[in-house]
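Trainee: Take the sequence shown: its position 74, counting from 1, is numbered 89 in our numbering, and each next residue is one higher.
Even glycine gets a Cβ: it sits at the ideal position worked out from N, Cα and C.
All values reported here derive from a predicted model rather than from experimental measurement.
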Amino acid sequence: MLECQSQVDSMDIQEVHMDSFPYFPLWDSDNQNTTLSEQNHLPKQRNQKYWTPQEDKILKNLHKDLGNNWKQIAMEIDGRNASQCFQRFRRITKQYSVIIDFYLQFRKKWTIKEDELIHTLVNKLGRKWEQISKYFKYKHVCGKQIRLRYINTIDKTIRKDPWTKEEDLFILNFYLQEGSCWTKMSKLLCGRPENDVKNRFYNHIRHQYLKPEI
16 MLECQSQVDS MDIQEVHMDS FPYFPLWDSD NQNTTLSEQN HLPKQRNQKY
66 WTPQEDKILK NLHKDLGNNW KQIAMEIDGR NASQCFQRFR RITKQYSVII
116 DFYLQFRKKW TIKEDELIHT LVNKLGRKWE QISKYFKYKH VCGKQIRLRY
166 INTIDKTIRK DPWTKEEDLF ILNFYLQEGS CWTKMSKLLC GRPENDVKNR
216 FYNHIRHQYL KPEI
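Printed below as a string of structure tokens:
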């Protein structure tokens with residue numbers, strides 16, 4: 016507009032013609048209808064759905080049960096995908112170790128020699144997980160990870176036979192009465208690691224015996 020004004024000032028008033036000005040469409044009724052129609056076809060801004068305190072609480076509880084299985088967690092929260100759940104959990108907990116664990120579980124697999132060493136150390140030192148983890152400083156693992164590896168994979172008392180209907184009903188009744196206490200269930204189900212119990216519930220029992228809304 017400043018450029019147009021300078022052009023007008025430099026002209027003689029009597030010599031001003033409409034062709035000297037740039038074209039601006041007038042806002043009449045016909046043009047208004049066309050413009051509004053064009054606006055309706057413009058991409059609309061996505062309405063952001065903010066996380067509620069209840070969703071945050073559900074997210075934390077699901078992470079306790081399912082760990083870093085973000086796809087499974089997202090299936091339990093309506094309108095959220097795996098990436099949103101992961102980003103939200105990182106933000107509300109500020110535990111950047113979660114990110115490290117998420118990638119290390121794919122980058123550094125346990126070897127047969129490491130499993131044998133854990134088994135030997137448990138026989139020698141007992142279930143002193145933090146003390147055993149000192150032998151694996153190069154792997155950057157903590158006592159909790161050593162414990163989970165032992166009770167879910169290395170322990171010779173682990174049962175690999177098919178699950179029975181009696182075991183499924185026991186897990187179901189225990190869950191309905193006391194919630195997701197997988198460690199307690201595991202102790203009562205001889206030879207069934209807590210991780211196996213948890214997976215059995217979410218992958219089979221919940222779909223087989225519980226209604227969808229639960």
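To the nearest angstrom, how far is the alpha carbon of F216 from that of Q192?
Mentor: Each residue's alpha carbon lies about 14 Å from the other.
Trainee: Among G94, D80, K75 and K180, whose alpha-carbon lies nearest the alpha-carbon of E209?
Mentor: Taking only the C-alpha atoms, the option nearest E209 is D80.
Trainee: Which one of F185, W197, G206 and T198 has the shortest CA to CA distance from Y224?
Mentor: Considering only alpha carbons, the answer is F185.
Trainee: Please state whether DSSP places Q47 in a helix, a strand or coil.
Mentor: The pLDDT assigned to Q47 is 47, lower than 50, so where the model puts this residue is not dependable; a value taken from the coordinates is nonetheless given after this. Three-state result, Q47: helix.
Trainee: Can you round the beta-carbon distance between I161 and W144 to whole angstroms, since I take them to be within the 8 Å contact cut?
Mentor: That belief holds up - the Cβ atoms of I161 and W144 are roughly 5 Å apart, short of 8 Å.
Trainee: Grouping DSSP H, G and I as helix and E and B as strand, with all else coil, what is D158?
Mentor: Note on residue identity: the sequence assigns Gly, not Asp, to residue 158. Reduced to three states, the DSSP call for G158 is helix.
Trainee: Would the beta-carbon of D71 fall within 7 Å of that of I107?
Mentor: Yes.
Trainee: Tell me the rounded alpha-carbon separation between M200 and L74.
Mentor: Cα to Cα, the separation comes out at about 23 Å.
Trainee: Where does the unbroken alpha helix (DSSP H) through E129 begin, and where does it stop?
Mentor: Where E129 is concerned, the enclosing alpha helix (DSSP H) stretches over I127 to L140.
Trainee: Would you mind sorting W197 into buried or exposed? The rule is 16 or more other CB atoms within 10 Å of its CB.
Mentor: Buried, since its Cβ has 16 or more Cβ neighbours within 10 Å.
Trainee: Let me check understanding here. Comparing Cα to Cα, which of N214, L163 and G94 lies closest to S195?
Mentor: Ranking N214, L163 and G94 by Cα distance to S195 puts N214 first.
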